[in-house]
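Have a look at the structure below, then the notes.
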Amino acid sequence: MSITSEELNYLIWRYLQESGKEVSALALQEESRVLEFESTFGERVPIGTLVNFVQKGILYAESELMARYDRESMTLDPGLSARDFNLAQALEVDKERVPELKAVQRFALEEQANEGTHSTGTGSSSKLGGEDSSKFIKTLHESLRLPQSTVCQWNPKDPSVLSWGGPESTAMIVRFEMSNGDLRVLQEIKCQHPFGISASTGKLTNDVTCLEWSPSGGSIVTGVENGELRVWTSDGKLQNVFNFHKCGITTIKWNEDSTHFLTCDVENVAIVWNSLTGIALQHLSLKESGSTESLGVDASWIGTEKFVIPSLQGAIAVCEIGESRPLGKLSGHTNTITAFDYNHETKMLLSGSDDSTLRVWRSGAMSSSNCFMGSTLGITSAFWLDQDRVISTSLDGSVRVWSQSTNSLLGLSMVDGVPIFCGSLSPNKRIFAIGKMDGEVCLYHIGKLFELLNEKAVDDDTHPIPIPICGDYQHNIEGNYVNGIAWNANSTHLSISYSSSDTELIFIG
């Protein structure tokens, strides 16, 4: 049996269509003649043909191990039938029988080929961020699975402690034993909120919607659908209960010294709490009467007593503890505020919005110093990488790195256009993780990107550098998107919360 390249393209296109990868299928459709085959053979080719052919190919490779070319019988290895023969092993068998075609520099231009002769091998480091790890994309694997969660956060001081919140008014604090990347649960502590009627649905559900560890790692605040907040110690002892909010909690932010925390709900009400006494120090409601519009889903401290929250018409309100009204307003964005990140060294604030722009605000200024445009849909996350460069994700599927000093785009990644729902920067700021609508998690090597930027010509700022991808984790459940990702304190493990399946922990290295 033989198959042409056009026929193979058609089978791949059918597979992409059947698995819901419509954007990828459209790209292949534009570059090939698959529609001609569809009109001729579409009704004759059954669903799953490509997978069926691949499985039969693997079976054929396995059968080659059981047959001799001189037609003599052979003794079957007892362990052969018990082995889980897979695609990787089939490729190894094929490589032993047929010399492998060298792909190195086959399609390079002459000057590229000359440069490539001086490069080294790809290396085999098992750790991301190692010397050679940026030269290949590592497929990541699950280390441990926990029950489904809506939100996860690692303790900022103890890399072996994770807290997650989920359905049935329950948050859990889990302590792990770590050994060579493997995780084993040592202790599970339940932090229980009472059941109550949800303000948004009216049903007897009270899912945990938000939780946040204090910077010291000694306390954690959990918030639920009916607006109740509870503060717990790191070993699960209840410290205080707060009941001023009347609807679901969207944001919890601690200040630097862990003495106060700020909470926001879906009705745009913000409250500042004294974590030591349990007193509500400040109550701010910036929404217009009768409006159901969400002003934003994030907030940030810009000092131990000053903070910013979303305001009307895309503005940002600057507030201070003890003041009944905002100190000022930062105008520039025109839609819902989706992300904040404050740089404590440079005193500059980074903000992202559904208006698809990213802005940088300098201390004391009421207008933005930078407005980064390029994304076609809303910003979903934004972080400072250092004192100059920032990174952002968007619903248009792009990851972008900008320089605020040169006001230019430095790095860009847009692999398949699948919407990115969340992003998280590792504590060591070397790896950036994103979670997508199709359940995939990708890791970007920020350290390698900086090396490439340093090698780039100083005056060459016309073309952004592709951001190196160093890891990939594929989820096998269709229609299951990533709603949250979080790093542990030493940047070795990542927790992934999914919309309709268990929480998964992966080892990064």
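Numbering (the numbering used here), first residue to last: -3 to 505. Even for Gly, the Cβ is constructed at its ideal location relative to N, Cα and C.
Should residue i be labelled buried (16 or more other beta-carbon atoms within 10 Å of its own) or exposed?
i    : result
Q383 : exposed
V100 : Annotation note: pLDDT 44 at V100 (below 50); position unreliable, no value reported.
I248 : buried
D253 : exposed
Q183 : exposed
N202 : buried
N403 : exposed
D434 : buried
Y494 : buried
T300 : exposed
T36  : exposed
S320 : exposed
E447 : exposed
C187 : buried
N48  : exposed
S271 : buried
What are the boundary residues of the alpha helix (DSSP H) that includes residue i?
i    : result
N264 : Taken as a continuous stretch (DSSP letters only), N264 belongs to no alpha helix (DSSP H), as it is neither H nor E.
N424 : Unbroken run through N424: none, as it is neither H nor E.
K343 : From DSSP, K343 is part of no alpha helix (DSSP H); its letter is neither H nor E.
G443 : 442 to 451
S1   : 1 to 14
F303 : From DSSP, F303 is part of no alpha helix (DSSP H) but of the beta strand (DSSP E) over 302 to 306.
Please confirm whether residue i and residue j have their CB atoms less than 8 Å apart.
i    : j    : result
Q13  : A21  : yes
N251 : W297 : yes
L445 : V386 : no
V314 : P322 : yes
V293 : C206 : no
V414 : G393 : yes
G419 : T389 : yes
F240 : A295 : no
M362 : G324 : yes
W269 : F238 : yes
L291 : T332 : yes
L346 : A378 : yes
T218 : H189 : yes
I427 : T376 : no
G161 : V227 : no
G244 : S230 : no
S399 : L391 : no
L55  : L7   : no
Following the continuous beta strand (DSSP E) through residue i, name the residue where it begins and the one where it ends.
i    : result
Y494 : 489 to 494
Q25  : Counting along the chain, Q25 falls outside any beta strand (DSSP E), though it belongs to the alpha helix (DSSP H) covering 18 to 27.
R396 : 395 to 399
V386 : 385 to 390
L501 : 499 to 503
T376 : 375 to 380
T506 : Past the boundaries of the shown model lies residue 506; the chain is included only from -3 to 505, so the question cannot be answered.
H279 : 276 to 281
Q149 : 147 to 150
N236 : 234 to 238
R226 : 225 to 229
I481 : 478 to 483
L406 : 404 to 409
T205 : 204 to 209
Near residue i, what residues of its chain come up, given a Cβ to Cβ distance below 6 Å and the 5 sequence neighbours on each side ignored?
i    : result
Y469 : L136, V437, I502
E500 : E138, R141, I492
L408 : R396, P460
L280 : A266
G328 : R355, S364
S422 : W483, S487
M369 : T353
Identify every residue that forms a DSSP beta bridge with residue i.
i    : result
C243 : Paired residue(s): none; C243 is not in a bridge.
N366 : V356
C466 : BP columns for C466 are empty, so no partner.
N270 : H256
Y338 : L345
V293 : Note: V293 sits in no beta bridge, so no partner.
S175 : D178
T166 : Q188
Q51  : According to DSSP, which records beta bridges pairwise, Q51 is partnered with nothing at all.
V437 : G431, Y469
If I measure Cβ to Cβ from residue i and keep anything under 7 Å in the same chain, skipping five residues before and after, which residues do I get?
i    : result
T113 : Confidence in T113 is poor, its pLDDT being 38 and thus under 50, which makes the residue's placement too unreliable to answer from.
I473 : G435, S497
D350 : N331, T332, T334, G374
E316 : E301, K302, L323
Closer than 8 Å by C-beta to residue i: which residues in its own chain qualify, once you throw out the five before and the five after it? Chain order, please.
i    : result
E341 : Q383
F172 : L140, S156, V157, L158, L179, R180, V181, L182
I465 : I133, S409, V411, C438, L439, Y440, H441
V170 : L142, V157, L158, S159, W160, V181, Q183, E184, I185
Verify the CB distance criterion: does residue i have a CB-CB separation below 8 Å to chain B?
i    : result
N472 : Protein chain content of the structure displayed is limited to a single chain, and chain B is not contained in it.
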